[in-house]
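S.K.: Quick note on numbering: the sequence shown equals residues 14 to 279 in my numbering.
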Amino acid sequence: MARLIPAIIQGFLISVFAFAFLIVPQIAPAAERSTAESRKSEMMANWPKSPSESWSITIGGRLYDNWATVQGIDLPKDTHPTYPKGLKRKGGSTWRCKECHGWDYRGDKGAYATGSHFSGIKGVARLSGHPPAKIARAIKRGFHKYDASMLPDYLINKIALFISKGQVHMPDFIDFKTKKAKGNSKEGRGPYQNFCANCHGFDGRTINFKSEKKPEFIGTVARKSPWELLHKVINGHPASQMPALRDFPDVYLKNILSYTQTLPKK
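(1) Using the Cα positions of Lys278 and Asn207, report the straight-line distance between them to the nearest angstrom.
(2) To the nearest angstrom, how far is it from the Cα of Ala252 to the Cα of Ala58?
(3) Using the three-state DSSP reduction, which class does Ile187 fall into: helix, strand or coil?
(4) Between Phe156 and Ile247, what straight-line distance do the alpha-carbon atoms span, to the nearest angstrom?
(5) Quick one: what's got a C-beta closer than 7 Å to Ala194's C-beta in the same chain, skipping five residues either side?
(6) If you drop the 5 nearest sequence neighbours on each side, which residues of the same chain put their C-beta closer than 6 Å to that of Leu88?
(7) Considering only the alpha carbon of each residue, which of Leu76, Arg139, Ser51 and Lys62 lies closest to His244?
(8) Does DSSP classify Gly232 as helix, strand or coil?
(9) Beta carbon of Ile172, beta carbon of Cys110: below 9 Å?
(10) Taking the straight line between their C-alpha atoms, what separation do you get for Ile220 and Ile231?
(11) If I follow the unbroken alpha helix (DSSP H) through Gln180, where does it start and stop?
(12) Less than 9 Å between the beta carbons of Arg259 and Gly142, yes or no?
(13) In angstroms with no decimal places, state the Cα-to-Cα distance between Gly52 and Ile72.
(14) For Asn197 and Asn211, I'd like the C-alpha separation in whole angstroms.
(15) What do you reckon, are the CB atoms on Asp121 and Gly99 nearer than 9 Å?
(16) Assign Ser65 to buried or exposed, taking buried as 16 or more other Cβ atoms, counted over all protein chains shown, within 10 Å of its Cβ.
(17) Strictly by DSSP, which residues pair up with Lys135?
(18) State the beta-bridge partners of Ala194 as determined by DSSP.
(19) Give the DSSP-derived three-state secondary structure of Thr71 in the structure shown.
(20) If you reduce the DSSP assignment to three classes, tell me which class Ile247 lands in.
(21) According to DSSP, simplified to helix, strand and coil, what is Arg102?
(22) Which two residues bound the contiguous alpha helix (DSSP H) that contains Cys110?
(23) Could you check what DSSP says for Asp78 in three-state terms: helix, strand or coil?
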């Protein structure tokens, strides 16, 4: 009997550890699902009850910009595991859609064909007009490495809708050789002063995107990265009150962009 006791205890401990091994891995995913569901409820409480397609596309555009900021969470700290090795970009920024595919949606064929943002990855412009469901499936594939705690399906569907129906053909708006907007700056002054100046000021310097030593204003971005500014003019900025001018006629967007290129850089 004395010999059986250690064996019984050993068997009991093995059973306990085996049970714990099976149960503990279930706890983390359950907690993640609970957090994701809570976040979804908070977000959708501020969404329209009957969202238009235009509004949904715009949300997709903001998620394309920075899906983490839209959700009020942080980007992963580590560099994306499938981001090409040996390049300049590191860390959380490599998880953003725009970082690989570009503000102009042309990836390695556009503005990111060279420079510090070069990744050699194809753009999404070629997917414009493709079925959103097909695009959503591609986003969910292993290459992108998004799990449900980062990008749940209902948000992936918004990005897919944007890629399918929300992209603009950037060369119609911007000369890629000179970076000049293809609009009329005089005609853009009115819309800018009536809409954009409420936050950015009439001279575009109310909001400094960088620092006092190295300031960056609307006029700076308009000259340096006009496709970035155009994307934000159309879709707004993540987690901000910036209005999205998606429903404005193209000529208005071109004119506003042209006018911002006349604003002070410093």
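In this text, a Cβ means the ideal position worked out from N, Cα and C, and glycines have one as well.
M.R.: On the basis of the supplied data:
(1) Each residue's alpha carbon lies about 21 Å from the other.
(2) Roughly 15 Å between the two C-alpha positions.
(3) Under the three-state reduction of DSSP output, Ile187 falls in the strand class.
(4) Taking the CA atoms as reference points, Phe156 sits about 28 Å from Ile247.
(5) Closer than 7 Å at the Cβ level, and outside the excluded window around Ala194, lie Phe186, Ile187, Pro239, Lys267, Leu270, Ser271 and Gln274.
(6) If we look at Leu88 and ignore the five residues flanking it on each side, its Cβ neighbours are Ala81, Gly105 and Trp108.
(7) The shortest C-alpha to C-alpha distance from His244 to any of Leu76, Arg139, Ser51 and Lys62 is the one to Leu76.
(8) Helix, per DSSP.
(9) Yes. Within cutoff.
(10) In a straight line, the C-alpha of Ile220 is about 8 Å away from that of Ile231.
(11) Annotation for Gln180: no alpha helix (DSSP H) segment contains it, and DSSP assigns it neither H nor E.
(12) It is not a contact, given that the beta carbons lie outside the stated cut-off.
(13) The residue asked about is misnamed: residue 52 is Arg in this sequence, not Gly. One alpha carbon belongs to Arg52, the other to Ile72, and they sit about 16 Å apart.
(14) Each residue's CA atom was taken as its position, placing Asn197 and Asn211 some 21 Å apart.
(15) Judged by their CB atoms, Asp121 and Gly99 are not nearer to each other than the 9 Å cut-off.
(16) Under this definition Ser65 is an exposed residue.
(17) Gly120.
(18) Its beta-bridge partners are Ile187.
(19) DSSP places Thr71 in helix when its eight states are reduced to three.
(20) Helix at Ile247.
(21) Here Arg102 carries a coil assignment [DSSP, helix/strand/coil].
(22) Per DSSP, Cys110 belongs to the alpha helix (DSSP H) from Cys110 to His114.
(23) Helix, per DSSP.
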